[in-house]
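What follows is a short report on a single structure.
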Amino acid sequence: MLQITDLKKIFQAGDMKIAAVNGVSFIVEQGEFASIVGRSGSGKTTLMSLIGGLDKPTEGSIKLDGRNIAQLHDHALIDYRCKQIGFIFQAYNLIPNLTALENVMLPMEAAKVPTPQRKERALELLRQVGLSSDQMKRKPGRLSGGQQQRIAVARALANNPVLLLADEPTGNLDSNTGEMIFELLRDLAHKQKTTVIIVTHDLSMARQTDVVLRLKDGKLIGG
Ligand SMILES: Nc1ncnc2c1ncn2[C@@H]1O[C@H](COP(=O)(O)OP(=O)(O)OP(=O)(O)O)[C@@H](O)[C@H]1O
Ligand SMILES: [Mg+2]
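Using this note's numbering, you'd call the opening residue of the sequence shown number 777 and step up by one each time.
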């Protein structure tokens, strides 16, 4: 379970203080599929970065299965990001000169998984997201946007994360392809019990999730 309490992130820009996340509290249960919606600048990416340990909050707590991420020191935070969290971004963020398979093997290298197991698991994950054996050998530039995002999903799952964070994962895709990635993420939550949080601009997608978190000026608004 993810429990966020009174979370704040204040950025200092010269003399200005920007409260990007301004007192946010919510709970997402294990295996739930949650969405974060809100206008540009409402704090969605900042909130995701805090939950994923990419940035540290100014105040408040982030508890994943009872452990407060906000208090972790650098080493523990790197370990948390690597082993507990999977990230998916709008722009796929794959390594262009590695094949699909090598991209998925990479996080397991960081987690010191032995090479034969890395390859076996990467193949299994790529099959699971629907890539063919031929596509697995190609570099991202030779695959479609939807196929690249499938690789990114497989890569995010490589180290068996407890929590998958996806910031506008369908933002660069046409609506059909976007719908497929959305369904893939929903199945991960509901069938594999990986908690998934997605940021989306698409309200019809958000409505199909278990929990909708609406952000406005760094605060959650009702409904
Ligand atoms: N590193 C930073 N330094 C200063 N201000 C920042 C920083 N990162 C974000 N902000 C500010 O915090 C606010 C929230 O930004 P954030 O990126 O979280 O919004 P968002 O909801 O993800 O927007 P979008 O839909 O455009 O991606 C904005 O006002 C932004 O300018
Ligand atoms: Mg954003």
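Built from N, CA and C at the ideal position, the CB exists for glycine as well.
| Closest by CA to residue 826, which one among 813, 800, 809, 816? | Locating residue 826 in the sequence shown gives position 50, counting from the first residue. The shortest Cα separation from residue 826 among 813, 800, 809, 816 belongs to 800.
| query | For residue 835, which beta-bridge partners are listed by DSSP? | reply | Stepping through the sequence shown from its first residue, residue 835 is reached at position 59. Looking at the DSSP output, residue 835 sits in a beta bridge with 784.
| request: State yes or no: is the C-beta of residue 802 nearer than 6 angstroms to some heavy atom of ligand 1? | output: One-based indexing of the sequence shown puts residue 802 at position 26. Residue 802 Cβ: outside cutoff for every heavy atom of ligand 1.
| Measuring CB to CB, does residue 945 end up less than 7 angstroms from residue 860? | The residue you call residue 945 lines up with position 169 of the sequence shown. The residue you call residue 860 lines up with position 84 of the sequence shown. Taking 7 angstroms as the Cβ cut-off, residue 945 and residue 860 do not qualify as a contacting pair.
| query | According to the Cβ coordinates, are residue 828 and residue 965 closer than 7 angstroms? | reply | Numbered from its first residue, the sequence shown carries residue 828 at position 52. Numbered from its first residue, the sequence shown carries residue 965 at position 189. The criterion of a C-beta distance shorter than 7 angstroms is not satisfied by residue 828 and residue 965.
| said: Does the distance between the C-beta of residue 794 and the nearest non-hydrogen atom of ligand 1 fall short of 6 angstroms? | reply: As a position in the sequence shown, residue 794 is number 18, starting the count at 1. Yes.
| Between which two residues does the alpha helix (DSSP H) harbouring residue 909 extend? | Here residue 909 corresponds to residue number 133 of the sequence shown, with the count starting at 1. Here the alpha helix (DSSP H) through residue 909 covers 909-912.
| query | If you run the structure through DSSP and keep just helix, strand and coil, what is residue 799? | reply | The residue you call residue 799 lines up with position 23 of the sequence shown. In the structure shown, residue 799 sits in a strand (DSSP, three-state: E or B).
| task | Taking 7 angstroms as the cut-off, decide whether the C-beta atoms of residue 882 and residue 912 are in contact. | result | As a first step, residue 882 must be located in the sequence shown, where it is residue number 106. As a first step, residue 912 must be located in the sequence shown, where it is residue number 136. No.
| said: For residue 905 and residue 791, I'd like the C-alpha separation in whole angstroms. | reply: For the purposes of this step, residue 905 is identified with residue 129 of the sequence shown, where counting begins at 1. For the purposes of this step, residue 791 is identified with residue 15 of the sequence shown, where counting begins at 1. Taking the CA atoms as reference points, residue 905 sits about 47 angstroms from residue 791.
| By how many angstroms is the C-alpha of residue 824 removed from the C-alpha of residue 968? | As a working note, residue 968 is residue 192 in the sequence shown. As a working note, residue 824 is residue 48 in the sequence shown. When only Cα atoms are considered, residue 968 and residue 824 end up about 21 angstroms apart.
| task | With DSSP as the reference, label residue 862 as helix, strand or coil. | result | Along the sequence shown, one-based indexing puts residue 862 at 86. In the structure shown, residue 862 falls within a strand segment according to DSSP collapsed to helix, strand and coil.
| message | Need the endpoints of the alpha helix (DSSP H) that residue 971 sits in, please. | response | Residue numbering aside, residue 971 sits at position 195 when the sequence shown is read from its first letter. In the DSSP assignment, residue 971 falls outside any alpha helix (DSSP H) and within the unbroken beta strand (DSSP E) covering 971-975.
| task | Find the nearest neighbour of residue 869 within the set 924, 988, 935, 849, judged by alpha-carbon distance. | result | For the purposes of this step, residue 869 is taken as residue 93 along the sequence shown, with counting starting at 1. Distance check between residue 869 and each of 924, 988, 935, 849 places 924 closest, using alpha-carbon atoms only.
| task | Identify every residue that forms a DSSP beta bridge with residue 812. | result | Residue mapping note: residue 812 aligns to position 36 of the sequence shown, counting from 1. Answer is 975, 989.
| query | Measuring from the CB of residue 953, is there a heavy atom of ligand 1 at a distance below 6 angstroms? | reply | Taking the sequence shown and counting its residues from 1, one reaches residue 953 at position 177. The closest heavy atom of ligand 1 lies 6 angstroms or more from the beta carbon of residue 953.
| residue 988 vs residue 811 beta-carbon contact at 7 angstroms | Sequence index remark: in the sequence shown, residue 988 carries index 212 (1-based). Sequence index remark: in the sequence shown, residue 811 carries index 35 (1-based). It is a contact, given that the beta carbons lie within the stated cut-off.
| task | Could you tell me whether the Cβ atoms of residue 809 and residue 962 are closer together than 7 angstroms? | result | For the purposes of this step, residue 809 is taken as residue 33 along the sequence shown, with counting starting at 1. For the purposes of this step, residue 962 is taken as residue 186 along the sequence shown, with counting starting at 1. Using a Cβ distance threshold of 7 angstroms, residue 809 and residue 962 count as a contacting pair.
| Neighbourhood of ligand 2 [Cβ distance below 7 angstroms to any heavy atom], ordered by chain position | Those satisfying the condition are, in chain order, 820, 821, 943, 944, 975.
| Whose C-alpha, out of 884, 930, 953, 852, is nearest the C-alpha of residue 903? | Position 127 of the sequence shown, counted from the first residue, corresponds to residue 903. Ranked by how close their Cα comes to the Cα of residue 903, the residues 884, 930, 953, 852 have 930 in first place.
| query | Per DSSP, which one or two residues make a beta bridge with residue 792? | reply | Walking along the sequence shown from the start, residue 792 turns up at place 16. Looking at the DSSP assignment, residue 792 forms a beta bridge with 789.
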